[in-house]
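**Q**
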Amino acid sequence: MIRLQNVRKVFNADKSNEFVAIEGVNLSIDSHGATVLKGPSGSGKTTLLSILGCMARPTSGRIMLKEREITSLPERFLTEVRRETFGIVFQQFNLIKGITALENVMLPAYPNGEKHASLKKRAMDLLDLLNLTGKAFSKVEWLSGGEAQRIAIARALINNPAIIIADEPTAHLDTRLSREFMEIMRQLKKEGKTLLIASHDPIVYDSTVIDRIVEMRDGKIESSGDVP
Amino acid sequence: MLQRKSDLFFSALVAGALLICLMFMDAAISQRLDREFVQERREVVRVLTLTDLCLFTEARYTRHPSMADLHTPFQDHPLSFDHFPSGAIMAVPPHLKRKAGTLQGWISDPRERQ
Amino acid sequence: MGAIEKQRNILDFTLSSLGRRKGKNIALVVVYTFVIFLLASVLFFTHSLKKEASLILQDAPEMTVQRLLAGRQDLIPTHYIDTIRQIRGVQSVAPRLWGYYYDAMSGANYTLMVNAELNDRAGEIIIGNGVSMRSMSGIGNQALRKNDIIPFKTYDGSVLTLKVRGLLPFASELVTADLILVSEADFRTLFSIANDQATDLVLNVRNAKELSTIAAKITQIHPDTRPILREEILRTYDAVFDWRGGVIFMVLSGVFFAFIILAWDKATGLSAEEKREIGILKAIGWETSDILLMKFWEGSAVSIAAFFMGIFLAYLHIFLASSILFEPVLKGWSVLYPSFRLTPYISVYQIATLFFLTVIPYTVVTIVPSWRSATIDPDSVMRM
Chain A
20 MIRLQNVRKV
30 FNADKSNEFV
40 AIEGVNLSID
50 SHGATVLKGP
60 SGSGKTTLLS
70 ILGCMARPTS
80 GRIMLKEREI
90 TSLPERFLTE
100 VRRETFGIVF
110 QQFNLIKGIT
120 ALENVMLPAY
130 PNGEKHASLK
140 KRAMDLLDLL
150 NLTGKAFSKV
160 EWLSGGEAQR
170 IAIARALINN
180 PAIIIADEPT
190 AHLDTRLSRE
200 FMEIMRQLKK
210 EGKTLLIASH
220 DPIVYDSTVI
230 DRIVEMRDGK
240 IESSGDVP
Chain B
860 MLQRKSDLFF
870 SALVAGALLI
880 CLMFMDAAIS
890 QRLDREFVQE
900 RREVVRVLTL
910 TDLCLFTEAR
920 YTRHPSMADL
930 HTPFQDHPLS
940 FDHFPSGAIM
950 AVPPHLKRKA
960 GTLQGWISDP
970 RERQ
Chain C
618 MGAIEKQRNI
628 LDFTLSSLGR
638 RKGKNIALVV
648 VYTFVIFLLA
658 SVLFFTHSLK
668 KEASLILQDA
678 PEMTVQRLLA
688 GRQDLIPTHY
698 IDTIRQIRGV
708 QSVAPRLWGY
718 YYDAMSGANY
728 TLMVNAELND
738 RAGEIIIGNG
748 VSMRSMSGIG
758 NQALRKNDII
768 PFKTYDGSVL
778 TLKVRGLLPF
788 ASELVTADLI
798 LVSEADFRTL
808 FSIANDQATD
818 LVLNVRNAKE
828 LSTIAAKITQ
838 IHPDTRPILR
848 EEILRTYDAV
858 FDWRGGVIFM
868 VLSGVFFAFI
878 ILAWDKATGL
888 SAEEKREIGI
898 LKAIGWETSD
908 ILLMKFWEGS
918 AVSIAAFFMG
928 IFLAYLHIFL
938 ASSILFEPVL
948 KGWSVLYPSF
958 RLTPYISVYQ
968 IATLFFLTVI
978 PYTVVTIVPS
988 WRSATIDPDS
998 VMRM
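Chains as they are written, first to last, in my numbering: chain A, 20 to 247; chain B, 860 to 973; chain C, 618 to 1001.
#1: What is the rounded straight-line gap between the Cα of residue 731 of chain C and the Cα of residue 698 of chain C?
#2: Would you mind giving the Cβ-Cβ distance between residue 952 of chain C and residue 751 of chain C, rounded to the nearest angstrom? I have them listed as a contact below 8 angstroms.
#3: Over what stretch of residues does the alpha helix (DSSP H) that includes residue 678 of chain C continue unbroken?
#4: The segment 114 to 130 of chain A: which residues have C-beta closer than 7 angstroms to a C-beta of chain C, in chain order?
#5: If you run the structure through DSSP and keep just helix, strand and coil, what is residue 622 of chain C?
#6: Thinking C-alpha only, which one of A:28, A:53, A:98 and A:97 is nearest residue 211 of chain A?
#7: By alpha-carbon positions, which one of B:902, B:925 and B:919 ends up nearest to residue 955 of chain B?
#8: Under a CB-based cut-off of 8 angstroms, is residue 988 of chain C close to chain A?
#9: Would you tell me roughly how many angstroms separate the C-alpha atoms of residue 960 of chain B and residue 853 of chain C, rounded to the nearest one?
#10: With 16 other CB atoms within 10 Å as the buried threshold, where does residue 766 of chain C fall?
#11: Judging by CA-CA distance, which residue of C:772, C:701, C:784 and C:748 is the nearest neighbour of residue 763 of chain C?
#12: What residue from C:625, C:626, C:623 and C:631 has the CA that sits closest to residue 916 of chain C's CA?
#13: Residues of chain C with CB under 7 angstroms from residue 873 of chain B, in chain order?
#14: Can you tell me which of A:20, A:24 and A:186 puts its alpha carbon nearest to the alpha carbon of residue 82 of chain A?
#15: Buried or exposed, going by whether 16 or more other CB atoms sit within 10 Å of the CB of residue 866 of chain B?
#16: Take residue 920 of chain B as the anchor and find which of B:945, B:890 and B:905 has the nearest alpha-carbon.
#17: For the segment 619 to 644 of chain C, enumerate the residues whose C-beta is nearer than 9 angstroms to any C-beta of chain A, in chain order.
#18: For residue 245 of chain A, which beta-bridge partners are listed by DSSP?
#19: With DSSP as the reference, label residue 741 of chain C as helix, strand or coil.
#20: Span of the beta strand (DSSP E) holding residue 171 of chain A?
#21: With distance defined between alpha-carbon atoms, name the residue in A:38, A:59 and A:90 nearest to residue 22 of chain A.
#22: Give me the Cα-Cα distance between residue 904 of chain C and residue 929 of chain C, rounded to the nearest whole angstrom.
#23: Measure the CB-CB distance between residue 184 of chain A and residue 105 of chain A and report whether it falls below 8 angstroms.
#24: Could you check how far apart the C-beta atoms of residue 803 of chain C and residue 740 of chain C are, in whole angstroms? I think they sit under 8 angstroms.
#25: Run down chain C in chain order and give the residues with a C-beta less than 8 angstroms from the C-beta of residue 890 of chain B.
#26: Residues of chain B with CB closer than 8 angstroms to the CB of residue 811 of chain C, please, in chain order.
#27: Under a three-way DSSP split, which group does residue 207 of chain A fall into?
#28: Distance cutoff 8 angstroms, beta carbons only. Does residue 913 of chain B sit that close to anything in chain C?
#29: Roughly how many whole angstroms lie between the Cα atoms of residue 879 of chain C and residue 904 of chain B?
#30: Check for me: the alpha helix (DSSP H) holding residue 836 of chain C runs from which residue to which?
#31: Contact check, residue 955 of chain C vs residue 910 of chain B under 8 angstroms by CB: the rounded distance?
Here it is in structure tokens:
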């Protein structure tokens, strides 16, 4: 589904603090699988994840999404591709404070111009699915960590994306909530979503949900193999 | 069900626009009602041969600006200050700024004089 | 349909977002409303006054002729009347006798004017409403009434007592508040003005188109005179509160610019929190243009709300509350001030002017600086 060819990403190019985040990455991600990017912090997982999720452009190399070259798309189209294809769950949840959980879930769909009533219904359905109906009109800062995480998942799902990207999703959760998160992931995988998770948490990469582990170190892929 | 915030905003917008319309209506009605008073003032101006509005009574040149000289505020001394507050918010009548002795402003085209 | 729905969605979020910093945003709207209120008040006041002046001074004398002596206006000899009457096209010439009388008791300046109706009723006066309110006789604060006696001090210090015959119409206060109409004989006694002199002359002409030619002829025959045309009087009142040049407007534009700078500063100095939010929105699929749209709605919502409220309050202030806030400025040092209710003359043009002078700059000033933060890379939140 996604193919990376010889991707390289450099930050602060041509400056004294130039920093190569990833180098020579070739990677192919298939549909309907669950892939974990594993590696210590600073290994380039997050950078690779943002390139896979069309949030950042590589310095060199090519990205193919469903056989379509997207590296050189203008911002507008790239944003559209990102919005339609990817749902993102951030490490810090990154919910917008001060507004309700429901509005947070609806946010990614606002630029689509979908009818408010139908959008709201879809958002409520998602909250229902994640057992959050009672929290729909609560401000997000009043939610517990687990609830915030599930709101973040609901937000990632609102545009019905094919691929869910999660960056260190369990970093701020205790063991119970981490396992709960993986159960939700299992559910999503069953529904046919492609999962891409960056994590160095054994609860994630040892989970039976995961099909494939890509190990990274110093911006390069060290090994990549299917989980037996 | 919560009403949409944008609906509230647009209703406020419509209300504001209506308020402005109301303002114009009130103005139109007041103008009609005041017509007879305006007529009365005009009549007083005509009968008494008045030339100015009685807005500022503090100084000669503020009471009758159109009858004043350009230098009236300074006639006691060329450097004396225009010390009446009203003199500061009023503009000088344009005809006083006409070049002294010339007839410009009266005669737009010199050829018309022949 | 989608486009409209998108706008409404983004507006929904903008309003929720504004609601979060309620205190700050309400304070902003209040200040902004006040600025627009002041600007609109000045505009409404000056415009209505100009309109009123142009309506009621339409019947002012067609031409007034003054005599200048050593750079000052001086009394005009009445024999000028005869020569001026000879000029072709002049229909009538009449002398005017008027001047100022300072009343030490009340500290007010009155305008004394001779009226022919009183000429066979020497010893009597007709007073304007403002005069009657300001007691000259020192009997306390009682308003002057018919048959009251008022003492005047003549040029040589003796006292001339005049009896109030009546009051000028209440509705004419805007032009007559400080007027005292006297007979010619009393006027000449008061100020010791010789019988062959007048304050100035007023004339009527047969054909208004000839006014300028006649004025030119008068200055030719009497080089020491200065004719003032009615058109010039009207123009005077057009310029009187020329709000571009007026001090009030200068002060207010200072206020407005300070406000714009505040808005600019607020828009450029986005807090880390706001920047993070923009990053989040970009990461979850908002485009740069969507962020700018949000900023546009933010600026518009604040300024349109302030605009409507400011304009409406200004209308109430000027036309229903008699410009109560401007009173100290307009009064200046005047002891006598006409109380009048302005007829509301407002125009769409004025409202549009105000709109383009306030709402548009504010909105622009809030959008332009957000351009930079709107172009944040979507992956910036990932790196935080």
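Ideal Cβ placement from N, Cα and C applies to all residues, glycine included.
**A** Working from what's here:
#1: Indexing the third sequence from 1 puts residue 731 of chain C at position 114. Indexing the third sequence from 1 puts residue 698 of chain C at position 81. For residue 731 of chain C and residue 698 of chain C, the distance between alpha carbons rounds to 18 angstroms.
#2: For the purposes of this step, residue 952 of chain C is taken as the residue at position 335 of the third sequence. For the purposes of this step, residue 751 of chain C is taken as the residue at position 134 of the third sequence. Confirmed, about 7 angstroms.
#3: Looking up residue 678 of chain C in the third sequence gives position 61. Element bounds for residue 678 of chain C: n/a, residue is neither H nor E.
#4: So the close ones are 115, 117, 118, 122, 126, 127, 129 and 130.
#5: Residue 622 of chain C sits at position 5 when you count from the first residue of the third sequence. Helix.
#6: Within the first sequence, numbered from 1, the residue matching residue 211 of chain A stands at position 192. Out of A:28, A:53, A:98 and A:97, the CA that lies nearest to the CA of residue 211 of chain A is found in A:53.
#7: For the purposes of this step, residue 955 of chain B is identified with residue 96 of the second sequence, where counting begins at 1. The candidate whose alpha carbon is nearest that of residue 955 of chain B is B:925.
#8: Within the third sequence, numbered from 1, the residue matching residue 988 of chain C stands at position 371. So no, residue 988 of chain C is outside the interface.
#9: Taking the second sequence and counting its residues from 1, one reaches residue 960 of chain B at position 101. Taking the third sequence and counting its residues from 1, one reaches residue 853 of chain C at position 236. Below a pLDDT of 50, predicted positions are generally treated as unreliable, and residue 960 of chain B, at 47, falls in that range; no measurement from the model is reported.
#10: Residue 766 of chain C sits at position 149 when you count from the first residue of the third sequence. By the 10 Å Cβ count, residue 766 of chain C comes out exposed.
#11: Taking the third sequence and counting its residues from 1, one reaches residue 763 of chain C at position 146. Closest option to residue 763 of chain C, Cα to Cα, is C:784.
#12: Taking the first residue of the third sequence as position 1, residue 916 of chain C is located at position 299. Among C:625, C:626, C:623 and C:631, the Cα nearest to that of residue 916 of chain C is on C:631.
#13: In the second sequence, the residue the question calls residue 873 of chain B occupies position 14. Against chain C, a Cβ distance below 7 angstroms from residue 873 of chain B picks out nothing, because the smallest value is about 11 angstroms.
#14: Residue mapping note: residue 82 of chain A aligns to position 63 of the first sequence, counting from 1. The option with the nearest alpha carbon to residue 82 of chain A is A:24.
#15: If you number the second sequence from 1, residue 866 of chain B lands on position 7. Residue 866 of chain B is exposed by the Cβ-count criterion.
#16: The sequence position of residue 920 of chain B within the second sequence is 61, counting from 1. The shortest C-alpha separation from residue 920 of chain B is found at B:945.
#17: Per Cβ criterion, the list reads 619, 620, 621, 622, 623, 624, 625, 626, 627, 629, 630, 633, 634, 636, 637 and 638.
#18: As a working mapping, residue 245 of chain A is identified with position 226 in the first sequence. Partner(s): A:231.
#19: For the purposes of this step, residue 741 of chain C is taken as the residue at position 124 of the third sequence. Strand, per DSSP.
#20: Stepping through the first sequence from its first residue, residue 171 of chain A is reached at position 152. Counting along the chain, no beta strand (DSSP E) covers residue 171 of chain A; the unbroken alpha helix (DSSP H) around it starts and ends at 164 to 176.
#21: Residue numbering aside, residue 22 of chain A sits at position 3 when the first sequence is read from its first letter. Of the candidates A:38, A:59 and A:90, the one whose C-alpha sits nearest the C-alpha of residue 22 of chain A is A:90.
#22: Numbered from 1 along the third sequence, position 287 holds the residue referred to as residue 904 of chain C. Numbered from 1 along the third sequence, position 312 holds the residue referred to as residue 929 of chain C. CA-to-CA, the gap between residue 904 of chain C and residue 929 of chain C works out to about 38 angstroms.
#23: On the first sequence, residue 184 of chain A is found 165 positions in, with the first residue counted as 1. On the first sequence, residue 105 of chain A is found 86 positions in, with the first residue counted as 1. Yes, the pair counts as a contact, with Cβ atoms nearer than the cut-off.
#24: Counted from its first residue, the third sequence places residue 803 of chain C at position 186. Counted from its first residue, the third sequence places residue 740 of chain C at position 123. About 7 angstroms separates the two Cβ atoms, so the contact holds.
#25: Working through the second sequence from its first residue, we reach residue 890 of chain B at position 31. Listed along chain C, the residues sitting closer than 8 angstroms to residue 890 of chain B by beta-carbon distance are 960, 961 and 962.
#26: Residue 811 of chain C sits at position 194 when you count from the first residue of the third sequence. Result: empty, since nearest Cβ-Cβ is about 21 angstroms, beyond 8 angstroms.
#27: Numbered from 1 along the first sequence, position 188 holds the residue referred to as residue 207 of chain A. Three-state result, residue 207 of chain A: helix.
#28: For this step, residue 913 of chain B is matched to residue 54 along the second sequence. Interface residue (Cβ-Cβ distance to chain C less than 8 angstroms): residue 913 of chain B is classified as such.
#29: Translated into positions along the third sequence, residue 879 of chain C becomes position 262. Translated into positions along the second sequence, residue 904 of chain B becomes position 45. Residue 904 of chain B has its alpha-carbon roughly 49 angstroms from the corresponding atom of residue 879 of chain C.
#30: Residue 836 of chain C sits at position 219 when you count from the first residue of the third sequence. Per DSSP, residue 836 of chain C belongs to the alpha helix (DSSP H) from 828 to 838.
#31: Locating residue 955 of chain C in the third sequence gives position 338, where the first residue counts as 1. Locating residue 910 of chain B in the second sequence gives position 51, where the first residue counts as 1. No, residue 955 of chain C and residue 910 of chain B are not in contact; Cβ-Cβ is about 16 angstroms, not under 8 angstroms.
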